[in-house]
Amino acid sequence: MGGTAKAPVRANGRGEITALTRDREQHFRAMFEGAAIGICTCNLNGQITEGNAALSKMLGYRREGLAGLHMWELYRDDLPADRRLFSELEGGTEDFLKQERYFRLKNGACLWGQLTVSTVRDAEGNPSFLIAMLEDATESKRNAERSRTAEKMEVIGRLAGGIAHDFNNLLTGVLLYCDLLSEGIERGSRLLRHVQEIRLAGEQGAALTQQLLAIARKQVPQPRPILLNEVVSSTENMLRRLIGEQIELVIALAADPRPVLADEAQLRQVLLNLVLNARDAMPHGGRITVSTKADRRFGGGHGGVCLMVEDTGCGMDDDTRAHLFEPFFTTKSPGHGTGLGLVTVKRIVSEAGGTIGIKSETGLGTGIEVTLPAIEASPAAGTPQRSRAGQTILLVDDHSSARNSIQRVLHHAGYRVLQASGGRRAMKVFAESEHRVDLLIADWMMPGMSGQELVAKLRQQNSELRVLLISGYHNPKDAKPDLSVELIRKPFASSALIERVREVLDRKGDS
12 MGGTAKAPVR
22 ANGRGEITAL
32 TRDREQHFRA
42 MFEGAAIGIC
52 TCNLNGQITE
62 GNAALSKMLG
72 YRREGLAGLH
82 MWELYRDDLP
92 ADRRLFSELE
102 GGTEDFLKQE
112 RYFRLKNGAC
122 LWGQLTVSTV
132 RDAEGNPSFL
142 IAMLEDATES
152 KRNAERSRTA
162 EKMEVIGRLA
172 GGIAHDFNNL
182 LTGVLLYCDL
192 LSEGIERGSR
202 LLRHVQEIRL
212 AGEQGAALTQ
222 QLLAIARKQV
232 PQPRPILLNE
242 VVSSTENMLR
252 RLIGEQIELV
262 IALAADPRPV
272 LADEAQLRQV
282 LLNLVLNARD
292 AMPHGGRITV
302 STKADRRFGG
312 GHGGVCLMVE
322 DTGCGMDDDT
332 RAHLFEPFFT
342 TKSPGHGTGL
352 GLVTVKRIVS
362 EAGGTIGIKS
372 ETGLGTGIEV
382 TLPAIEASPA
392 AGTPQRSRAG
402 QTILLVDDHS
412 SARNSIQRVL
422 HHAGYRVLQA
432 SGGRRAMKVF
442 AESEHRVDLL
452 IADWMMPGMS
462 GQELVAKLRQ
472 QNSELRVLLI
482 SGYHNPKDAK
492 PDLSVELIRK
502 PFASSALIER
512 VREVLDRKGD
522 S
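Just so you know, the working numbering puts 445 at position 434 of the sequence shown, and the rest follows in order with no gaps.
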């Protein structure tokens with residue numbers, strides 16, 4: 012081994028003790044200066060005497076600026092309990108302190124830090140000074156908050172999935188019976204207004220259920236070419252009833268914008284959430300403007316289409332805007348908001364390939380602009396064939412209210428309807444029917460035999476059987492890729508049901 016030999020030193024020699032002390036001091040000084048975490052020494056009053064480079068960089072202070080500060084001056088929240096803990100360290104009754112809390116930086120910002128303070132004692136065992144170590148745990152706290160949010164979403168998903176199926180079955184019956192009643196009541200009748208209010212309540216209940224399913228990613232979008240103008244126009248009457256007479260609703264639609272590829276029910280939900288938020292920002296009245304326009308600068312070959320909702324309400328400050336899309340964040344009083352509306356909007360828009368822009372200032376109102384990618388306008392489709400008396404539909408649903416209301420709507424439209432409350436009964440009805448079944452309408456989720464399982468069994472007997480599955484809730488992971496079926500989401504209006512039935516029957520031609 013190379014190197015310079017050292018002269019032996021006596022074990023009890025003063026020179027060895029001095030050299031050892033000096034080596035230790037250099038060693039600990041190197042550790043102090045080179046540590047990746049913030050370290051400082053404090054007197055027994057908690058006043059910083061020296062801080063290392065990592066602490067200086069972490070907190071944004073010059074090293075000489077740290078000296079003389081008390082530790083609790085760095086706390087975002089100076090609590091009497093913290094000073095009491097330092098007093099216990101000073102008095103020697105405690106040797107160790109560990110905390111996680113927010114620390115204030117020199118520039119006024121904050122970080123979440125993990126602080127450890129230890130008492131250093133002298134040779135007689137008396138407290139001499141304190142040494143504190145601070146580690147920036149901001150990212151780990153964010154990860155923990157994301158994890159907690161994900162857990163909340165999972166809980167909501169299980170809850171939503173558990174109740175959505177039965178709840179949407181009930182709402183299907185409510186909405187369809189409202190449609191049937193409306194057709195039999197004269198226009199202008201007081202009873203008709205009552206029916207419309209019942210239907211409005213049902214639609215709001217349906218929107219809430221869809222909101223829960225969307226935020227929990229428990230619903231499969233059904234993207235189709237949609238004109239935003241038509242979504243706004245068909246929802247206008249409901250919006251006017253929801254916002255009340257003290258708020259003016261202005262509709263300004265662009266001329267002939269391109270269609271977008273999106274789920275129509277989800278787009279109505281986006282519009283509904285944005286308008287209701289605007290309404291709640293104007294408790295004493297104001298104006299809401301809903302408009303559309305083309306955006307040729309938006310990415311993609313066909314540009315984009317914008318849906319804008321602007322209000323003259325209270326507006327938002329910077330802090331509110333920063334948290335706007337966080338789950339469960341709401342500025343509304345308890346019982347008046349879930350904090351899920353804008354989270355749902357953001358998810359729907361993102362999944363459709365769109366963006367959201369927000370302009371808002373305190374006292375100057377808010378404008379939210381949703382931009383979706385446009386697609387090439389498809390040629391006008393031919394007029395769909397109307398139903399012919401004699402076409403036979405096998406309707407299978409385990410929920411009697413939904414099944415009976417659907418049966419009445421289909422019968423009123425001229426179809427012959429065979430009913431079954433489950434898969435096994437449906438197979439018997441199918442086999443024994445004297446009429447050829449033109450279309451199977453079945454609930455996706457049924458006890459004993461699911462809608463998909465029923466389709467597979469019946470197509471063994473008739474491979475050309477046309478199918479429309481209806482679903483209040485289903486797990487997309489359960490979908491069988493080898494089955495070619497159409498899907499309509501509960502609850503639905505009678506007009507939407509008849510339109511989808513005609514589409515499915517017309518697509519492959521009538522026999």
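Think of the CB as a built atom: it goes at the ideal place given N, C-alpha and C, for glycine as much as any other residue.
For a cut-off of 8 Å, the C-beta gap from residue 323 to residue 261 is around 11 Å, too long to register as a contact. Counting C-beta pairs with one atom in each stretch, the region 272-285 and the region 357-374 have three or more that are closer than 8 Å, which means they touch. Contact between the region 188-200 and the region 148-167 is absent, with fewer than three C-beta pairs closer than 8 Å. DSSP places residue 107 in no alpha helix (DSSP H) but in the uninterrupted beta strand (DSSP E) bounded by 107-115.
Residue 39 counts as exposed, since fewer than 16 other beta carbons sit within 10 angstroms of its beta carbon.
For residue 249, the enclosing alpha helix (DSSP H) stretches over residues 239-254.
Residue environment for residue 97: buried (at least 16 other C-beta atoms within 10 angstroms of its C-beta). Taking C-beta separations shorter than 7 Å and ignoring five residues to either side along the sequence, the partners of residue 139 in its chain run 131, 132 and 133, following chain order. If you ignore the 5 residues before and after residue 42, its C-beta comes within less than 7 Å of no other C-beta in its own chain.
Residue 92 sits in a helix when the DSSP states are folded into three classes.
Judged by their CB atoms, residue 256 and residue 298 are not nearer to each other than the 8 Å cut-off. Going by C-alpha positions, residue 29 is about 29 Å away from residue 74. Take residue 440, set aside five residues on each side of it, and the residues of its chain with a beta-carbon closer than 6 Å to its own are 429 and 431, in chain order. Nearest neighbour of residue 291 by Cα position, chosen from 315, 265, 327 and 269, turns out to be 327. Annotated three-state conformation of residue 373 is coil, per DSSP. With respect to residue 315, residue 382 sits close: the two C-beta atoms are nearer than 8 Å. Residue state for residue 387 is assigned as coil, using DSSP reduced to three classes. Residue 188 sits in a helix when the DSSP states are folded into three classes. The Cβ-Cβ distance between residue 380 and residue 325 does not fall below 8 Å. Approximately 4 Å separates the beta-carbon atoms of residue 407 and residue 437; this is inside 8 Å, confirming the contact.
The DSSP-derived three-state label of residue 139 is strand. Of 319, 79 and 501, the smallest CA-CA separation from residue 186 is found for 501. Residues of the same chain with a CB within less than 6 Å of the CB of residue 373, apart from the 5 flanking positions on each side, are 326 and 328 in chain order. Per DSSP, reduced to three states, the secondary structure at residue 300 is strand. Where residue 331 is concerned, there is no enclosing beta strand (DSSP E), although the alpha helix (DSSP H) around it starts and stops at 329-333. Per DSSP, the unbroken beta strand (DSSP E) holding residue 49 starts and ends at 49-53.
Rounded to the nearest whole angstrom, the CA to CA distance from residue 188 to residue 214 is 13 Å. DSSP lists no bridge partner for residue 440. Note that the C-beta distance between residue 479 and residue 497 is below 8 Å. Residue 278: member of the alpha helix (DSSP H) spanning 275-291, first to last residue. The shortest C-alpha to C-alpha distance from residue 289 to any of 455, 266, 353 and 453 is the one to 353. DSSP, read as helix, strand or coil, puts residue 170 in helix. Rounded to the nearest angstrom, the Cβ distance from residue 272 to residue 240 is 16 Å, too far for a contact under 8 Å. Counting the other CB atoms within 10 Å of its CB gives residue 477 a total of 16 or more, which places it among the buried residues. As far as DSSP is concerned, residue 57 takes part in no beta bridge. Inclusion of residue 216 and residue 182 in the CB contact set at 8 Å is warranted, their separation being smaller than that value.
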